[in-house]
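S.K.:
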Amino acid sequence: MHLCVVGTGYVGLVAAACFAEMGNHVVCVDSNPQVLDTLNSGKIHIFEPGLETIVQRNVEEERLRFTGDLTEGIKASRFIFNCVGTPPLPDGACDLSYVYQVAGQIGQVMREPKVVVTKSTVPVGTADRIRSIIEGELNRRGMEIAVDVVSNPEFLKEGDAVNDFMKPDRIIIGTDNTDVAEEMASLYSPFARSREKLLLMSIRSAELTKYAANCMLATKISFINEIANICEIVGADIKDVRMGIGSDHRIGYHFIYPGLGYGGSCFPKDVNALIHTALDNGYTPELLNAVEGVNNRQKRLLAEKIKGFYADQGGIRDKTLAMWGLAFKANTDDLRASAAITLIHELTEAGMSIRAYDPAAGESARKLFAGNSRVTINSRQYAVLEDADALAVVTDWNQFRNPDFSRIKNALNRPVIFDGRNLYAAKDLTDFGFSYFCIGRR
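Be aware that the sequence shown starts at 5, since it is given in my numbering, and climbs by one per residue.
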């Protein structure tokens, strides 16, 4: 099949590469000349394990190409996947300006029937507006061309997006046209050979399903963090409690790891967007408000522990903290809504200096904190420890899980570790002479 994918971010580039990998011919459209130059040179502009190899292979085999011309992109394409960004607005609503801009451009240049597939995460009712915009542009041109709008939300995890696309748990298709549903089923059939994964539903149900899924996962994260905080107060151990509740198959172990809250480009944006949608429709989403409130508090938790530890030692001013991890989670370079950003702001505003290391997000962090003289980003993991007063572990990269504790102890001015991801055994570290602080254990 011939496809056009508009937008080359995480969603668009992964979708384009994986569709091409299955033999389809895909044209990717992006308005950023620098991004296009990078992609056409065989490189990718985002950090996503395994993606660059697939992009290179399909470019070389001429199944995948990149252009800035939408007319060229949709000319031979039956399907047009709208994968542009939907960033949050200050009030928590979803900024749909890019989505609607693409819809208008499609209506201005299409010359034959198309299926416009919304893969970007958008509020309920967006498909109706997209259809209206396209039809309005067609009317202005005096053309009657059939256009179908489909909701096909993505369920990709940063750091494992290729695997998620190639081996999906489910493929949701929201459409009111049975013929289009069959076409979409044929397009996705190579990704569902082992079992039936296609779920057909109304467009509005498909739009809401993506929000409901992410809000459910965010709820689990806030729930276990709430329980972890209670554990610290009453003297329980969150590790034991987690095992106790996770063994119930109705609950399970997934997404009940205590830590510093959720971040990234999806959960914070989607929780707030669904809250905004509910309020716009006259409903107060009390649970979602609480999920977001707990998460915002959790991001400040490690800063409070650090300030508390140094409260009777002259405070944190003019002290130095070594930090391992900046990205919101491992296997990505994404700093959006990362707990590390909150931690750095909280501590540097109080006069503490930060020396940080991250295997992937270092360069982005250098740009982000270029104006903060108290922040240094180092390219070597152990170099940040030298003459630091303590170590904070903020992201659960594999290389942080079993470090050289003797080296850490010798490098720090004092053997103190603040573990925001519960990577280490408390007894082992205290026996080794560390002052050790984690989440959910007194």
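We put the beta carbon where it would ideally sit given N, CA and C, even for glycine.
Alpha carbon to alpha carbon, how far is Lys201 from Arg174? Give it in angstroms, no decimals.
M.R.: As a position in the sequence shown, residue 174 is number 170, starting the count at 1. As a position in the sequence shown, residue 201 is number 197, starting the count at 1. In a straight line, the C-alpha of Arg174 is about 5 angstroms away from that of Lys201.
S.K.: Rounded C-beta distance between Leu339 and Ala396? I'm assuming under 8 angstroms.
M.R.: In the sequence shown, residue 339 corresponds to position 335, counting from 1. In the sequence shown, residue 396 corresponds to position 392, counting from 1. That pair is no contact at about 16 angstroms.
S.K.: Report the rounded CA-to-CA distance for Leu292 versus Glu52, giving the unit in angstroms.
M.R.: Start at 1 with the first residue of the sequence shown, and residue 292 comes out as number 288. Start at 1 with the first residue of the sequence shown, and residue 52 comes out as number 48. Leu292 and Glu52: Cα-Cα distance of roughly 30 angstroms.
S.K.: Return the CA-CA distance between Ala334 and Ser269, expressed in angstroms with no decimal places.
M.R.: Residue numbering aside, residue 334 sits at position 330 when the sequence shown is read from its first letter. Residue numbering aside, residue 269 sits at position 265 when the sequence shown is read from its first letter. Rounded to whole angstroms, Ala334 to Ser269 spans 14 angstroms at the Cα level.
S.K.: Pick out whichever of Ala365, Ile412, Val9 and Asp391 has its Cα sitting closest to the Cα of Ser383.
M.R.: Sequence index remark: in the sequence shown, residue 383 carries index 379 (1-based). Closest by alpha carbon: Ala365.
S.K.: Note down the Cα distance separating Phe100 from Tyr428, rounded to an integer number of angstroms.
M.R.: Translated into the one-based positions of the sequence shown, residue 100 becomes position 96. Translated into the one-based positions of the sequence shown, residue 428 becomes position 424. Checking the displayed sequence, the identity of residue 100 turns out to be Leu instead of Phe. Roughly 43 angstroms between the two C-alpha positions.
S.K.: Express the C-alpha separation of Asn218 and Val295 in angstroms, rounding to a whole number.
M.R.: Indexing the sequence shown from 1 puts residue 295 at position 291. Indexing the sequence shown from 1 puts residue 218 at position 214. The alpha-carbon atoms of Val295 and Asn218 are separated by roughly 12 angstroms.
S.K.: At which residues does the beta strand (DSSP E) containing Ile175 begin and terminate?
M.R.: The residue given as residue 175 occupies position 171 in the sequence shown. Element bounds for Ile175: Ile175 to Gly178.
S.K.: Closest by CA to Val128, which one among Asp435, Ala97 and Met220?
M.R.: Against the sequence shown, residue 128 aligns to sequence position 124. Nearest C-alpha to Val128: Ala97.
S.K.: State the CB to CB distance for the pair Ile228 and Arg246, rounded to an integer number of angstroms; the pair is presumed to be in contact (CB under 8 angstroms).
M.R.: Here residue 228 refers to the residue found at position 224 of the sequence shown. Here residue 246 refers to the residue found at position 242 of the sequence shown. Their Cβ separation, rounded to whole angstroms, is 7 angstroms, which keeps Ile228 and Arg246 in contact under 8 angstroms.
S.K.: Could you check where the alpha helix (DSSP H) with Ser368 kicks off and where it finishes?
M.R.: Along the sequence shown, one-based indexing puts residue 368 at 364. Ser368 -> alpha helix (DSSP H) spans Gly366 to Leu372.
S.K.: State the Cα-Cα distance for the pair Arg405 and Gly11, rounded to the nearest angstrom.
M.R.: Taking the first residue of the sequence shown as position 1, residue 405 is located at position 401. Taking the first residue of the sequence shown as position 1, residue 11 is located at position 7. Arg405 and Gly11: Cα-Cα distance of roughly 36 angstroms.
S.K.: If I'm right that Glu25 touches Asn86 with Cβ under 8 angstroms, what's the distance once you round it to whole angstroms?
M.R.: Looking up residue 25 in the sequence shown gives position 21. Looking up residue 86 in the sequence shown gives position 82. Going by Cβ atoms, the distance from Glu25 to Asn86 rounds to 21 angstroms, so no, they are not a contact pair.
S.K.: What are the start and end residues of each continuous beta strand (DSSP E) run of 3 or more residues lying completely inside the region 12-89, in chain order?
M.R.: 29-33, 68-71 and 83-86
S.K.: With distance defined between alpha-carbon atoms, name the residue in Gly163, Glu390 and Val119 nearest to Glu187.
M.R.: As a working mapping, residue 187 is identified with position 183 in the sequence shown. Nearest C-alpha to Glu187: Val119.
S.K.: For the alpha helix (DSSP H) holding Thr434, just list the boundary residues, first then last.
M.R.: As a first step, residue 434 must be located in the sequence shown, where it is residue number 430. Element bounds for Thr434: Ala430 to Asp435.
S.K.: Let's test the definition: count the other Cβ atoms within 10 Å of the Cβ of Pro363 and tell me whether it reaches 16, buried, or not, exposed.
M.R.: Here residue 363 corresponds to residue number 359 of the sequence shown, with the count starting at 1. Pro363 is buried by the Cβ-count criterion.
S.K.: Considering only residues of the same chain and omitting the five flanking positions on each side of Val88, which have a CB-CB separation below 7 angstroms?
M.R.: Counting from 1 along the sequence shown, the entry for residue 88 is found at position 84. Here the set comprises Val10, Gly11, Tyr102, Val103, Val106 and Ser124.
S.K.: Which class does Thr125 belong to by DSSP, given the choice of helix, strand or coil?
M.R.: Here the question's residue 125 lines up with position 121 in the sequence shown. Reduced to three states, the DSSP call for Thr125 is coil.
S.K.: Mapping DSSP to helix, strand and coil, what is Ser209?
M.R.: Mapped onto the sequence shown, residue 209 falls at position 205. Looking at Ser209 - three-state DSSP - the assignment turns out to be helix.
S.K.: Can you tell which of Glu66, Asp244 and Pro92 has the C-alpha that lies nearest to the C-alpha of Ile279?
M.R.: As a working note, residue 279 is residue 275 in the sequence shown. Selection Glu66, Asp244 and Pro92 evaluated against Ile279 yields Pro92 as nearest (Cα-Cα).
S.K.: Quick one: residues in its chain with C-beta nearer than 7 angstroms to the C-beta of Leu264, no 5 flanking neighbours on either side, listed in chain order?
M.R.: Here the question's residue 264 lines up with position 260 in the sequence shown. Excluding positions up to five away in sequence, the list reads Gln302, Lys303, Leu305, Leu306, Ala343, Val398 and Gly424.
S.K.: Under three-state DSSP, which class holds Lys303?
M.R.: Translated into positions along the sequence shown, residue 303 becomes position 299. Here Lys303 sits in helix by DSSP.
S.K.: Residues in its own chain within less than 6 angstroms of Leu433 by CB, not counting five upstream and five downstream?
M.R.: The residue you call residue 433 lines up with position 429 of the sequence shown. Hits under 6 angstroms: Tyr440.
S.K.: Would you kindly check if the distance between the Cβ of Thr130 and the Cβ of Glu211 is under 9 angstroms?
M.R.: Reading the sequence shown from its first residue, position 207 is the one you call residue 211. Reading the sequence shown from its first residue, position 126 is the one you call residue 130. Yes.
S.K.: Going by beta-carbon coordinates alone, are Thr380 and Arg411 separated by less than 9 angstroms?
M.R.: As a working mapping, residue 380 is identified with position 376 in the sequence shown. As a working mapping, residue 411 is identified with position 407 in the sequence shown. Going by C-beta atoms, Thr380 is not nearer than 9 angstroms to Arg411.
S.K.: In the DSSP assignment, the alpha helix (DSSP H) including Val1 goes from what residue to what residue?
M.R.: Nothing can be reported for residue 1: it is not among the residues displayed for the chain, which extend from 5 to 446.
S.K.: Mind checking whether the beta-carbon of Lys47 lies closer than 8 angstroms to any heavy atom of the ligand SAH?
M.R.: The ligand SAH is absent from the structure shown, which contains no ligand whatsoever.
S.K.: What residue range does the alpha helix (DSSP H) around Val2 cover?
M.R.: Any property of residue 2 remains undetermined from this structure, which presents the chain solely from 5 to 446.
S.K.: Does the distance from the CB of Gly111 to the CB of Ile138 come in under 9 angstroms?
M.R.: Translated into the one-based positions of the sequence shown, residue 111 becomes position 107. Translated into the one-based positions of the sequence shown, residue 138 becomes position 134. It is a contact, given that the beta carbons lie within the stated cut-off.
S.K.: So is Arg445 buried or exposed if we call it buried at 16+ other beta carbons inside 10 Å?
M.R.: Start at 1 with the first residue of the sequence shown, and residue 445 comes out as number 441. Under this definition Arg445 is a buried residue.
S.K.: Taking the alpha-carbon of Glu148 as reference, which of Glu162, Pro117 and Pro157 has the nearest alpha-carbon?
M.R.: The sequence position of residue 148 within the sequence shown is 144, counting from 1. Minimum Cα distance to Glu148 is reached at Pro117.
S.K.: So Ile310 and Gly355 are supposed to be a Cβ contact under 8 angstroms. How far apart are they, rounded?
M.R.: Locating residue 310 in the sequence shown gives position 306, where the first residue counts as 1. Locating residue 355 in the sequence shown gives position 351, where the first residue counts as 1. About 12 angstroms separates the two Cβ atoms, so there is no contact after all.
S.K.: What's the gap between the Cα of Ile134 and the Cα of Leu347?
M.R.: Counting from one through the sequence shown, the residue named residue 134 turns up at place 130. Counting from one through the sequence shown, the residue named residue 347 turns up at place 343. The straight-line gap from Cα to Cα measures roughly 40 angstroms.
S.K.: Could you spell out the range, first to last residue, of the alpha helix (DSSP H) harbouring Tyr192?
M.R.: Taking the sequence shown and counting its residues from 1, the one referred to as residue 192 is at position 188. Element bounds for Tyr192: Thr182 to Tyr192.
S.K.: Apart from the five residues just before and just after Pro194, which ones in its own chain have a Cβ nearer than 8 angstroms to its Cβ?
M.R.: Reading the sequence shown from its first residue, position 190 is the one you call residue 194. Met26 and Gly27, listed in sequence order.
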